[in-house]
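According to my numbering, the stretch in the sequence shown is residues 171 to 285, in order.
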Amino acid sequence: MYKDWPQTAQELSKLMQNFGKGHPEVAKGFTQLSKAAEKDGALSAKDKELMALAIGVAIRCEGCIAFHAKAAAQYGASRDEVLETIGVCLYMGGGPSFVYGSQALEAFDRFAAES
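The structure is reproduced here in structure tokens:
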């Protein structure tokens with residue numbers, strides 16, 4: 171295993187909560203934005219999490235990968251959906267997306283096993 175993705179998500183959550191204690195208005199605003207953006211609408215929450223996972227891969231953000239792989243699993247994304255999402259990342263981002271996409275798949279597999 172490359173990384174303990176559940177531990178990564180848990181540790182980052184603690185760091186973000188700590189930030190929120192120091193700057194609560196910003197943290198609260200981000201949380202509200204997140205909830206509004208992920209709600210079902212014209213796109214399902216699952217589809218939005220797959221998009222967020224793709225963006226996490228594209229910008230090479232391991233924390234984003236952890237949070238959005240977890241959410242994709244919780245919203246019922248299939249492994250095939252995650253593989254196709256990562257495939258688009260590879261098409262658009264080349265080698266770096268291959269590296270981070272592989273990490274995203276491992277993260278999804280780990281969270282899906284816990285669901």
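Note that the Cβ used here is the ideal one computed from N, Cα and C, for glycine as well.
What you are looking at is a predicted structure, and each value in this text was computed from that prediction instead of being measured.
Expected contact under 8 Å - CB spacing of residue i and residue j to nearest Å
{"i": "L182", "j": "G263", "result": "Wrong, their Cβ atoms sit about 23 Å apart, outside the cutoff."}
{"i": "A115", "j": "F237", "result": "The requested residue 115 does not occur in the structure, where the chain is confined to residues 171 to 285."}
{"i": "G246", "j": "K216", "result": "6 Å"}
{"i": "V252", "j": "F268", "result": "Not confirmed; about 14 Å, so no contact."}
{"i": "L220", "j": "A242", "result": "6 Å"}
{"i": "A222", "j": "F281", "result": "That belief does not hold up - the Cβ atoms of A222 and F281 are roughly 14 Å apart, past 8 Å."}
{"i": "E276", "j": "M186", "result": "In fact, because the Cβ distance is near 22 Å, the residues do not count as touching under 8 Å."}
Residues of its chain near residue i, where Cβ-Cβ distance is below 7 Å and the 5 sequence neighbours each way are ignored
{"i": "R230", "result": "P266 and Y270"}
{"i": "F189", "result": "A197"}
{"i": "A224", "result": "T255, V258 and C259"}
{"i": "H193", "result": "none"}
Endpoints, alpha helix (DSSP H) assigned at residue i
{"i": "K173", "result": "Segment: none, K173 is in no alpha helix (DSSP H) and carries neither H nor E."}
{"i": "A204", "result": "Per the sequence shown, the amino acid found at residue 204 is Ser instead of Ala. Residues P194 to E208."}
Sequence-distant residues of the same chain with beta carbon closer than 6 Å to residue i, five excluded per side
{"i": "E284", "result": "none"}
{"i": "E208", "result": "A215 and K218"}
Quiz item: Fully enclosed by the segment 213–282, which alpha helix (DSSP H) runs are 4 residues long or longer?
Solution: 215–228 and 232–244
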